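**Q** In the working numbering, the protein residues as written are 1046 to 1208.
Let me give you the structure first, and then I'll get to my questions.
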Ligand SMILES: [Zn+2]
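Structure, rendered in structure tokens:
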């Protein structure tokens, strides 16, 4: 699948031929989509998915604002996420997890859930994702401190002791 990156600053469109091209050549170190013409990150990819579903509400009509590759412990299986917004210049509100099979090993690029079903993230993948979301400004250190506090307050061990 090819991706059309629209730049909202210089009004140029650039194309990534597939997910590997997009991740390797059209994102900055923080994962933001970059305009090939002017280097701006005021960019988005309009995406409509799920149109084959009978229920129209199953379709997602949104905008990819960034793409992050997660550390893969397998040479063939590469999980990644799209950071998406509801509007072209909107704030990132969702993280869409997917994966591709490395064409360098399999001989052809397979993108998205295939025979292996939905993506499965390791503990390391999850922590790396949280750190990358922090670098993107989607998660703040305070959010993690609040989550850690709730985990300490409502730990499984505490609930066992109460029962
Ligand atoms: Zn541009």
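Beta carbons: idealized from backbone N, C-alpha and C, even for Gly.
Since this is a predicted model, take the numbers as computed values, not measurements.
Among 1093, 1090, 1073 and 1092, which has the Cα closest to the Cα of residue 1084?
**A** Indexing the chain shown from 1 puts residue 1084 at position 39. When each option's Cα is compared against that of residue 1084, the closest is 1073.
**Q** Could you check which residue in 1058, 1112 and 1190 has the C-alpha nearest to that of residue 1066?
**A** Indexing the chain shown from 1 puts residue 1066 at position 21. Considering only alpha carbons, the answer is 1112.
**Q** Give me the residue from 1191, 1173 and 1055 with the minimum Cα distance to residue 1125.
**A** In the chain shown, counting from the first residue as 1, residue 1125 sits at position 80. Per the Cα distances, 1173.
**Q** According to DSSP, is residue 1081 helix, strand or coil?
**A** Against the chain shown, residue 1081 aligns to sequence position 36. In this structure, residue 1081 counts as coil in the three-state DSSP scheme.
**Q** Compute the Euclidean distance between the alpha carbons of residue 1155 and residue 1176, then round it to the nearest angstrom.
**A** By 1-based counting over the chain shown, the position of residue 1155 is 110. By 1-based counting over the chain shown, the position of residue 1176 is 131. Their backbone Cα atoms lie some 27 Å apart in a straight line.
**Q** Got a sec? Which residues, its chain only, sit under 6 Å from residue 1005 by beta carbon, not counting five neighbours each side?
**A** Residue 1005 lies beyond the stretch modelled for the chain, which goes from 1046 to 1208, so this question has no answer here.
**Q** How should residue 1052 be labelled, buried or exposed, when 16 other C-beta atoms within 10 angstroms of its C-beta is the threshold for buried?
**A** Numbered from 1 along the chain shown, position 7 holds the residue referred to as residue 1052. Residue 1052 comes out buried.
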